[in-house]
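Quick notes on the structure that follows.
In the working numbering, the protein residues as written are 14 to 891.
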């Protein structure tokens, strides 16, 4: 690397000279060089414009070998625009000052030494190409001065006038006016600045207080005061300080510094009258207008919510054109710099371009709501800047893939080589064996684990001790194998509380395409938990008492498309259950079966009360969910989804309808032939929730629970077909409210009907294809809402968990999920086509026994084998 060395010397206090390498500058004075070499910096490629260098990156280094102090000013410009103005104090002997590096195509250097008298050296302008190249260091060396050896002033250069008293020539003006001396000769007009410190540094808006002294003036003399940025008279760039003042022996001036470009300004006072004019010296009274430093805090985004123990990043950009400002960073609870800030880092140089981010570990920070803040300081100014809001919580929040979750926060249920779609359906909502921990029931519709292609398997597991980080499904306690291929066994499944009173829960498995004496008739299996849980392997073809039973549909019924426990709908103290048949009579239907002894095998129509769809293609029974007793009748209610309902036969898919059916003491006795949902009203009582647009598929998924924390039961309805499969989820607050009309339009939810509407972020997300209400994932006593978007992000799929709270209403923006304003969690599939979120389970499920609800989600497309995840509930902030 080349190194230009510029040596400056004071000759008689006047000359600025250059070494031989800069002789081309045309300096007429002789050269004095005592410079030593300054270590260079790494070369950095210049900026190019059509192949030409337009600016370069350099440093300017001052070295003082003299004992005198002084100041140095460096102005850098590119294409005439100032890019850097810096003034530095130079201390006595052995002082070193560095300015830069900065990009520039010209450098103007000024030096003043505090000699007697003070001397300002001529400007020197250095130019790219002629005098320096990219990466160079210009070294300014101030060699030894005459004063260093003698300690005396340089002869002939003081400002003291000759002492005429020795010659008897003392002037005595006492008693005379300003217009003449004792000999009657008019006084010479003179003007001077008083009380103005040379090189005073100010900010825009500061007050500069000084005086102008005028002597030898006549009555017509007027005074004008200017601030001049280039010391060139009358070129139009002077700034008015005071104007048209009547001359006086001392004129007080108070100047409020206006909006000026940073730099040095000479204060010039001019006095003028008919007899002539006078002005102050332009090298006296320099005002340095400070370039206030600026600080931009560009990360994190406002409203970031972070789990305590994880990290977040602060990003910043500092700028100070005339100083090397320093930055300190903090977080602040009230957005005011008052001493209660939590410091994060200080003494950061704004010139350090590579030092512009800080990773903050929240492990030792208190839970709370903060603003990120910073202070950038130069010798004159502290500038306070606040950035985004950051909330630190104990909750599991933010956006994650399973790979970014921490050990102990979840378990991965991995498939074996024989699996092809593990996680198609999953349920962790009940404790079969009564050990206090929820158990897992999960299906794979396409497994080949028995050597038969497309042989569906359902796996049941109860974990005795702690869950490992990874659980191989081959180690499940029980594998249940379908009895016929392509039957879609396990398309839907459910863990039930005990229905036969033996203290062990039951398993309910649907096989909607099983041909049991008819095409796509479907079948539902009811398995006795106590009898089957220890078998290791169960072929459903072997099911009979005491292992369980099966209940069949008729031709095209597709019985078992959904199965669910519906609580105690008739008030007899026994848990009942239901089977959906979306093809029943072309309109769909649901069979509600009374709890008690597991029934003998047979047709569904012979074993329970049938509820029929009223319109062809409505697909009644696609989703079924229990609703806890909402009217103090000691009978549970239930809801049924019909995602194709809403139009007459021959029309396109309707918007979808959800039927709310109140519990009824005579449900199993008063309707021997069943009833149609078209007859819902007073007997049996019910209510309809109707979707907004044809094809919305309202009722495709359902969930129930008090999500808005008002003590009343809410209904959650998924409509994954809304707006080109963007999808919507409706939270209907207090769905059992008797004041609601018989027919509720989902278009009114969040407005005339209390509740909230969540909308998918992109077309094809299928938001709302799966739903779950968790009893309490974060331990704050509130229900939480989970919704799947299996088509989101190129089919990776996204699970969104919204923490329940009272302010859930209107239309919360899912883009803000996981922020301070909408606390929640996003779990994203690892690969395209994982379809994470196609199945969801939660409810009261606590698989690790820590007292908090856990969340299960399937990703059946993962690596063509499928997998599932169980995310453990995590204590919140309350």
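Cβ coordinates follow ideal geometry from the N, Cα and C atoms, glycine included.
Note that the structure is predicted; figures quoted are calculated from it, not measured.
Which partner residues does residue i have in the DSSP bridge list?
| i | result |
| --- | --- |
| residue 709 | Looking at the DSSP assignment, residue 709 forms no beta bridge with any residue, so it has no partner. |
| residue 119 | 90, 140 |
| residue 519 | 509, 541 |
| residue 487 | Answer by DSSP bridge pairing: none, since residue 487 is not bridged. |
| residue 69 | 117 |
| residue 406 | 320 |
| residue 329 | 310 |
| residue 743 | 730, 770 |
| residue 216 | In DSSP, residue 216 forms no bridge with anything. |
| residue 268 | 221 |
| residue 637 | 653 |
Does DSSP put residue i in a helix, in a strand, or in coil?
| i | result |
| --- | --- |
| residue 866 | coil |
| residue 875 | helix |
| residue 398 | strand |
| residue 501 | coil |
| residue 52 | Caution applies to residue 52, whose pLDDT of 28 falls short of 50 and renders its modelled position unreliable; the model cannot decide the point. |
| residue 737 | helix |
| residue 676 | coil |
| residue 769 | strand |
| residue 95 | strand |
| residue 457 | strand |
| residue 752 | coil |
| residue 725 | coil |
| residue 607 | coil |
| residue 241 | strand |
| residue 614 | coil |
| residue 692 | helix |
| residue 304 | coil |
| residue 698 | strand |
| residue 797 | strand |
In the DSSP assignment, find the alpha helix (DSSP H) that holds residue i and state where it starts and stops.
| i | result |
| --- | --- |
| residue 352 | Premise fails: residue 352 is in no alpha helix (DSSP H) and is neither H nor E. |
| residue 345 | No alpha helix (DSSP H) contains residue 345, which is instead part of the beta strand (DSSP E) from 339-345. |
| residue 805 | 805-808 |
Along the beta strand (DSSP E) that carries residue i, what are the first and last residues, could you check?
| i | result |
| --- | --- |
| residue 277 | 276-286 |
| residue 718 | 714-718 |
| residue 8 | Nothing can be reported for residue 8: it is not among the residues displayed for the chain, which extend from 14 to 891. |
| residue 311 | 307-312 |
| residue 259 | 252-259 |
| residue 440 | 435-440 |
| residue 593 | 589-594 |
| residue 151 | 150-155 |
| residue 427 | 423-427 |
| residue 472 | 470-474 |
| residue 569 | Element bounds for residue 569: n/a, residue is neither H nor E. |
Look at the alpha carbon of residue i and the alpha carbon of residue j, and state the distance between them as a whole number of angstroms.
| i | j | result |
| --- | --- | --- |
| residue 709 | residue 762 | 15 angstroms |
| residue 241 | residue 289 | 22 angstroms |
| residue 476 | residue 445 | 11 angstroms |
| residue 798 | residue 376 | 27 angstroms |
| residue 397 | residue 110 | 27 angstroms |
| residue 472 | residue 311 | 49 angstroms |
| residue 283 | residue 401 | 51 angstroms |
| residue 236 | residue 248 | 19 angstroms |
| residue 373 | residue 318 | 13 angstroms |
| residue 876 | residue 335 | 58 angstroms |
| residue 532 | residue 566 | 10 angstroms |
| residue 265 | residue 225 | 7 angstroms |
| residue 429 | residue 484 | 11 angstroms |
| residue 457 | residue 371 | 45 angstroms |
| residue 782 | residue 685 | 34 angstroms |
On the premise that residue j lies in contact with residue i, defined as a C-beta separation below 8 angstroms, what is that separation, rounded to the nearest angstrom?
| i | j | result |
| --- | --- | --- |
| residue 804 | residue 812 | Not really, about 13 angstroms apart at Cβ, beyond 8 angstroms. |
| residue 308 | residue 331 | 5 angstroms |
| residue 518 | residue 509 | 6 angstroms |
| residue 577 | residue 594 | Between residue 594 and residue 577 the Cβ distance is about 13 angstroms, and since that is not below 8 angstroms, they are no contact. |
| residue 213 | residue 301 | 7 angstroms |
| residue 738 | residue 695 | With a Cβ gap of about 38 angstroms, residue 738 and residue 695 do not count as contacting. |
| residue 424 | residue 883 | 5 angstroms |
| residue 579 | residue 637 | 7 angstroms |
| residue 231 | residue 293 | In fact, because the Cβ distance is near 19 angstroms, the residues do not count as touching under 8 angstroms. |
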